[in-house]
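Chemist: So the numbering used here is basically just the index in the sequence shown, starting at one, shifted up by 129. One structure is given below, represented as structure tokens, and several questions about it will come after.
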Amino acid sequence: MANITPISTESCKIGFIGAGKMAESIARGVINSGVLPASNVRTAHLGLRRTVFESFGTKVFDQNSQVVQDSDVVIFSVKPQVVKDVVLQLRPLLSEKQLLVSVVAGVKLKDLQEWAGHSRFIRVMPNTPAAVGVAASVITLGDAATKEDGELISKIFGAIGKVWTAQEKLFDAITGLSASGPAYIFLAIEALADGGVAAGLPRELSLGLASQMVLGAASMAVSTGKHPGQLKDDVASPGGTTIAGIHELEKAGFRGILMNAVVAAAKRGQELSKN
Ligand SMILES: NC(=O)C1=CN([C@@H]2O[C@H](COP(=O)(O)OP(=O)(O)OC[C@H]3O[C@@H](n4cnc5c(N)ncnc54)[C@H](O)[C@@H]3O)[C@@H](O)[C@H]2O)C=CC1
Ligand SMILES: O=C(O)[C@@H]1CCC=N1
Numbered sequence: 130m131a132n133i134t135p136i137s138t139e140s141c142k143i144g145f146i147g148a149g150k151m152a153e154s155i156a157r158g159v160i161n162s163g164v165l166p167a168s169n170v171r172t173a174h175l176g177l178r179r180t181v182f183e184s185f186g187t188k189v190f191d192q193n194s195q196v197v198q199d200s201d202v203v204i205f206s207v208k209p210q211v212v213k214d215v216v217l218q219l220r221p222l223l224s225e226k227q228l229l230v231s232v233v234a235g236v237k238l239k240d241l242q243e244w245a246g247h248s249r250f251i252r253v254m255p256n257t258p259a260a261v262g263v264a265a266s267v268i269t270l271g272d273a274a275t276k277e278d279g280e281l282i283s284k285i286f287g288a289i290g291k292v293w294t295a296q297e298k299l300f301d302a303i304t305g306l307s308a309s310g311p312a313y314i315f316l317a318i319e320a321l322a323d324g325g326v327a328a329g330l331p332r333e334l335s336l337g338l339a340s341q342m343v344l345g346a347a348s349m350a351v352s353t354g355k356h357p358g359q360l361k362d363d364v365a366s367p368g369g370t371t372i373a374g375i376h377e378l379e380k381a382g383f384r385g386i387l388m389n390a391v392v393a394a395a396k397r398g399q400e401l402s403k404n
């Protein structure tokens, strides 16, 4: 614990190990929010992703080791299948001076801490709406992460959306719901837009209406605090159009399908932790 010194939010440098879609979403959101300047965000990549990250001001190194050496907060954002090798490779450079963070699905803090050789670690389960400042992120603290470390990560992720704290045992369920969930909703938006086209709308209008409608419905659920069943009842007039649509959804098992999707994704998260 001797090397644990607080990291200042203002001057904190964050580095991503893994320059993929999730890292890009967090980096874009963080930079757009103004919580940290682009010069405080870094990653490493040799291929096409370099240009993507450079386009919004991120410093891009050639090697992961350079990212670690130049960061106060190191965020592991590689796939679950490779994270063990990546952490083990970087282990000689990792010290308790740095706060380590993982956004990797399924991989437990106990393993991450063992591979890293220290437990100043925080697990975060974010989602890609981080890129536009509307992420849903959940954090849980490792054994040596301090209250101040938790506050720092809550501040960074709070700048790109909402943050909850939860026990790690809930992380697979969280992953199946809020981390994978945007993909379910993108699928729904695409399908709704197809429905609009099938009913005679031009494609562009249909997609715009479907997207704005989902945004509006989610905003109402969040801002009114009303039960979604009440909000649904407010739309469905007796003998009207909505209830005719809902009847079709219920006949096809709409709610059960969504529940199954979350449970299947959570189960996959559990499987990934055993790799
Ligand atoms: N995409 C999402 O919506 C979410 C992803 N996550 C987690 O974030 C992590 C990253 O996921 P994505 O960004 O979607 O994947 P991705 O495949 O877009 O990004 C992974 C990146 O890691 C790079 N990489 C592979 N081996 C590497 C190495 N040895 N050193 C450095 N970089 C290496 C790849 O080139 C790739 O750019 C995963 O563990 C996933 O479970 C968590 C929440 C949501
Ligand atoms: O599909 C995946 O495995 C990752 C984790 C959650 C969202 N994307």
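Idealized CB from N, CA, C, for every residue including glycine. It should be emphasised that the depicted structure is a prediction, and the values quoted were computed from it without experimental measurement.
Can you tell me which residues form a DSSP beta bridge with residue 270?
Modeler: Residue 270 sits at position 141 when you count from the first residue of the sequence shown. Its beta-bridge partners are 251.
Chemist: With distances taken between CB atoms, is the gap from residue 292 to residue 266 smaller than 9 Å?
Modeler: Residue mapping note: residue 292 aligns to position 163 of the sequence shown, counting from 1. Residue mapping note: residue 266 aligns to position 137 of the sequence shown, counting from 1. Yes. Within cutoff.
Chemist: Going residue by residue through the region 268-337, where are the continuous alpha helix (DSSP H) segments of at least 4 residues, counting only ones entirely within it?
Modeler: Qualifying alpha helix (DSSP H) stretches, in chain order: 276-287, 300-303, 310-327.
Chemist: Could you pull the DSSP bridge partners for residue 229 from this structure?
Modeler: Mapped onto the sequence shown, residue 229 falls at position 100. 203, 250.
Chemist: Given that a residue counts as buried once 16 or more other Cβ atoms are within 10 Å of its Cβ, and exposed if not, what is residue 231?
Modeler: For the purposes of this step, residue 231 is taken as the residue at position 102 of the sequence shown. It counts as buried.
Chemist: Rounded to whole angstroms, what's the CA-CA distance from residue 338 to residue 322? Just pull it up for me.
Modeler: Working through the sequence shown from its first residue, we reach residue 338 at position 209. Working through the sequence shown from its first residue, we reach residue 322 at position 193. Looking at the two C-alpha atoms, the distance is approximately 8 Å.
Chemist: Per DSSP, what kind of secondary structure is residue 172 in: helix, strand or coil?
Modeler: If you number the sequence shown from 1, residue 172 lands on position 43. Strand at residue 172.
Chemist: Answer yes or no: do residue 165 and residue 136 have a C-beta to C-beta separation smaller than 9 Å?
Modeler: Here the question's residue 165 lines up with position 36 in the sequence shown. Here the question's residue 136 lines up with position 7 in the sequence shown. For residue 165 and residue 136, no; Cβs fall outside 9 Å.
Chemist: Does the beta-carbon of residue 206, which I'm using as the reference point, lie nearer than 8 Å to any heavy atom of ligand 1?
Modeler: Residue 206 sits at position 77 when you count from the first residue of the sequence shown. Within the cutoff, so yes.
Chemist: Looking only at its chain, what residues have a beta carbon closer than 8 Å to the beta carbon of residue 207, apart from the 5 residues adjacent to it on each side?
Modeler: For the purposes of this step, residue 207 is identified with residue 78 of the sequence shown, where counting begins at 1. Only 146, 147, 149, 215, 233 meet the Cβ criterion.
Chemist: Using the Cα positions of residue 281 and residue 138, report the straight-line distance between them to the nearest angstrom.
Modeler: As a working note, residue 281 is residue 152 in the sequence shown. As a working note, residue 138 is residue 9 in the sequence shown. For residue 281 and residue 138, the distance between alpha carbons rounds to 6 Å.
Chemist: Would you say the beta carbon of residue 353 is closer than 8 Å to some non-hydrogen atom of ligand 4?
Modeler: Because ligand 4 does not appear in the structure shown, any question about it cannot be addressed here, the ligands present being ligand 1 and ligand 2.
Chemist: If we count the other Cβ atoms within 10 Å of its Cβ and call it buried at 16 or more, is residue 362 buried or exposed?
Modeler: One-based indexing of the sequence shown puts residue 362 at position 233. It is exposed - the Cβ of residue 362 has fewer than 16 other Cβ atoms within 10 Å.
Chemist: Go ahead and pull the three-state DSSP assignment for residue 197.
Modeler: Numbered from its first residue, the sequence shown carries residue 197 at position 68. Looking at residue 197 - three-state DSSP - the assignment turns out to be helix.
Chemist: Apply the 10 Å Cβ neighbour rule to residue 153 and answer buried if 16 or more other Cβ atoms are within range, or exposed otherwise.
Modeler: Locating residue 153 in the sequence shown gives position 24, where the first residue counts as 1. Burial call: buried.
Chemist: Is residue 447 a contact residue of ligand 2, with contact defined as CB to any heavy atom under 8 Å?
Modeler: Nothing can be reported for residue 447: it is not among the residues displayed for the chain, which extend from 130 to 404.
Chemist: With a Cβ-Cβ cutoff of 9 Å, do residue 264 and residue 155 count as a contact?
Modeler: Along the sequence shown, one-based indexing puts residue 264 at 135. Along the sequence shown, one-based indexing puts residue 155 at 26. Yes; because the gap between Cβ atoms is below 9 Å, this pair is in contact.
Chemist: According to DSSP, is residue 374 part of a helix, a strand, or is it coil?
Modeler: Translated into the one-based positions of the sequence shown, residue 374 becomes position 245. Helix, per DSSP.
Chemist: Take residue 222 as the anchor and find which of 200, 151, 240 has the nearest alpha-carbon.
Modeler: Within the sequence shown, the letter at position 93 stands for residue 222. Answer by Cα proximity: 200.
Chemist: Do you know whose CA, among 271, 184, 175, 276, lies nearest residue 191's CA?
Modeler: The count along the sequence shown starts at 1 and reaches residue 191 at position 62. Cα-wise, what sits closest to residue 191 is 175.
Chemist: Within the chosen definition, does the region 180-194 reach the region 300-319 through at least 3 CB pairs nearer than 8 Å?
Modeler: No: the two stretches stay apart, fewer than three of their Cβ pairs being nearer than 8 Å.
Chemist: Is there a Cβ of chain B sitting closer than 9 Å to that of residue 202, yes or no?
Modeler: In the structure shown, chain B does not exist; there is a single protein chain.
Chemist: Is any heavy atom in ligand 1 found nearer than 8 Å to the beta carbon of residue 256?
Modeler: Sequence index remark: in the sequence shown, residue 256 carries index 127 (1-based). Within the cutoff, so yes.
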